[in-house]
Amino acid sequence: MTGYSVNGPRLWSRLKDMAEIGASANGGSHRLALSQDDEDGRELFVAWCGNRGFAAVFDKIGNLFVRRAGRNPAVPPVVIGSHLDTQPNGGRFDGVLGVLAGLEVLETLEDFAIATEAPVEIAVWTNEEGARFQPAMMGSGVHCGVHSLAETLAVTDASGIPVAQELGRYGYDKGIEPGSRAIGSYLELHIEQGPILEQEDKAIGVVTGGQAIRWYTLTLSGEETHAGPMPMAMRRDPVRHLAAVTQLVYRIGLADLDARATIGVIEMRPGSINVMPGQVRLSVDLRHPDEAALERMHDTLTEEIAGLNKTAEGLDISLEQTWHSPVVAFDAQLTGAVRASATARGYAARDMASGAGHDAFHLAKVVPATMVFVPCRDGISHNEREYTAPEHVQAGANVLLDVALQMAGAEVVAGATA
Ligand SMILES: [Zn+2]
33 MTGYSVNGPR LWSRLKDMAE IGASANGGSH RLALSQDDED GRELFVAWCG NRGFAAVFDK
93 IGNLFVRRAG RNPAVPPVVI GSHLDTQPNG GRFDGVLGVL AGLEVLETLE DFAIATEAPV
153 EIAVWTNEEG ARFQPAMMGS GVHCGVHSLA ETLAVTDASG IPVAQELGRY GYDKGIEPGS
213 RAIGSYLELH IEQGPILEQE DKAIGVVTGG QAIRWYTLTL SGEETHAGPM PMAMRRDPVR
273 HLAAVTQLVY RIGLADLDAR ATIGVIEMRP GSINVMPGQV RLSVDLRHPD EAALERMHDT
333 LTEEIAGLNK TAEGLDISLE QTWHSPVVAF DAQLTGAVRA SATARGYAAR DMASGAGHDA
393 FHLAKVVPAT MVFVPCRDGI SHNEREYTAP EHVQAGANVL LDVALQMAGA EVVAGATA
């Protein structure tokens, strides 16, 4: 802790003003990536930055970078980032908080005329949500070399509009090459989007990393037949075994408190009231913050599905893994600095893994990175009811300020008070 603190009411009023752009009927925000509302929100943000003398630079995928110079321009900046796009009728805090808290950190450095050795910079990543264009975390993914620019520009939304066309409409095609902007270390403040901090009355989540994820397609194949003439005993009916596979998935998910198991899609083919389906396909999403524990869940699922396949007569029950995202581990020095800041300021904190994906996951592949979580009411997010209390908004921004000052090498004036 440095003796400096952010201006909480200023940050709170900016959150309120940003929420008016693309305001939705029930108190949320609707700014789909690269829509006019998204662009209007970005322009408001750039104008706020300009008022304090910070110019914005953009790249060809529309990521924005806003820098406050350090003493040594040769040192790569400490970057504070997140996103301004929202889900359809989404909340006022998801992503927006991280960006506006970054601006609040820069303004606080200005307010107290604090010189830093390294520059401190804000990054606004394009299309984090993945609601209009897939994949999610698009801008940070291109910046970090996870997705190619050419392939990403060709992605279209549901009405066939390509990413390139929308970027060109706002002039982002004239930006710098993605990935060319150096980053020394990366910090992201985000609402938890889950209930744990609120339940435990903690103000700060020290995010140590992200859960490992495995996705599967589980297929039960028999043979479709008319609902009437075929006797039950002669049917090759995959639905009869549906309960056994869903119970298996839930048993795996309920075996340990940190485990998650989700069946998000069930498809019956052909899907007609008087046809016994010939095939049932399920999606399975397994997650765990511990890679070895997720592997055990994987082994149980694989072995027990193989066992069911042997005993289910006339049926073929198969499991195909379609995706594996390993555990993301954040930088120990940065998470240590988050923990130390919370302790010094008297904020109740706990370590936790992120259950959702964030831009910081891509950044962690290329630079030291970490995240700070703050509680959100009832754990609700991607919803117009999303809410984080002003004191938690301020606490999160203060932690960002402390860690940014430490990483950027601030010269703290003796006896300075906030
Ligand atoms: Zn977000």
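Sequential numbering of the sequence shown, starting at 33, is according to our numbering. Beta carbons are placed, not taken as given, at the ideal position from N, Cα and C, and that holds for glycine.
Within 8 angstroms: the Cβ of residue i and any heavy atom of ligand 1?
{"i": "Gly428", "result": "no"}
{"i": "His175", "result": "no"}
{"i": "His390", "result": "yes"}
{"i": "His258", "result": "no"}
{"i": "Ser217", "result": "no"}
{"i": "Ile37", "result": "In the sequence under discussion, the amino acid at residue 37 is Ser, which differs from the Ile named in the question. No, the Cβ of Ser37 stays beyond 8 angstroms of every heavy atom of ligand 1."}
{"i": "Ser373", "result": "no"}
{"i": "His356", "result": "no"}
{"i": "His115", "result": "yes"}
{"i": "Glu416", "result": "no"}
{"i": "Glu142", "result": "no"}
{"i": "Glu160", "result": "yes"}
{"i": "His394", "result": "no"}
{"i": "His62", "result": "no"}
{"i": "His222", "result": "yes"}
Taking the beta carbon of residue i as the centre, do at least 16 other beta carbons fall within 10 Å, making it buried, or is it exposed?
{"i": "Ser304", "result": "exposed"}
{"i": "Ser212", "result": "exposed"}
{"i": "Tyr282", "result": "exposed"}
{"i": "Trp355", "result": "exposed"}
{"i": "Glu198", "result": "buried"}
{"i": "Gln166", "result": "exposed"}
{"i": "Leu289", "result": "exposed"}
{"i": "Ala446", "result": "Model confidence at Ala446 stands at a pLDDT of 43, short of 50, so the residue's coordinates are unreliable and nothing is read from them."}
{"i": "Gly192", "result": "exposed"}
{"i": "Val89", "result": "exposed"}
{"i": "Arg201", "result": "exposed"}
{"i": "Asn95", "result": "buried"}
{"i": "Ser45", "result": "exposed"}
Rounding to the nearest angstrom, what Cα-Cα distance links residue i and residue j in this structure?
{"i": "Leu250", "j": "Gly339", "result": "14 angstroms"}
{"i": "Ala265", "j": "Met170", "result": "51 angstroms"}
{"i": "Asn415", "j": "Val297", "result": "21 angstroms"}
{"i": "Ala145", "j": "Leu47", "result": "24 angstroms"}
{"i": "Leu3", "j": "Glu418", "result": "As displayed, the chain neither begins before 33 nor continues past 450, which places residue 3 out of reach and without an answer."}
{"i": "Leu456", "j": "Gly285", "result": "Residue 456 lies beyond the stretch modelled for the chain, which goes from 33 to 450, so this question has no answer here."}
{"i": "Ala133", "j": "Gly127", "result": "10 angstroms"}
{"i": "Gln426", "j": "Val98", "result": "21 angstroms"}
{"i": "Thr375", "j": "Tyr36", "result": "15 angstroms"}
{"i": "Ala448", "j": "His175", "result": "At Ala448, the pLDDT of 48 sits below 50, so the modelled position is not reliable and the matter cannot be decided from this model."}
{"i": "Val404", "j": "Asp317", "result": "25 angstroms"}
{"i": "Glu224", "j": "Ile412", "result": "9 angstroms"}
Does the beta carbon of residue i fall short of 8 angstroms from some heavy atom of ligand 3?
{"i": "Gly127", "result": "Among the ligands in the structure shown, ligand 3 does not appear; only ligand 1 can be found there."}
Give the C-beta separation of residue i and residue j to the nearest angstrom, bearing in mind that I take them to be a contact with Cβ-Cβ under 8 angstroms.
{"i": "Met308", "j": "Ala259", "result": "6 angstroms"}
{"i": "Gly102", "j": "Ala401", "result": "Wrong, their Cβ atoms sit about 19 angstroms apart, outside the cutoff."}
{"i": "His62", "j": "Gly54", "result": "5 angstroms"}
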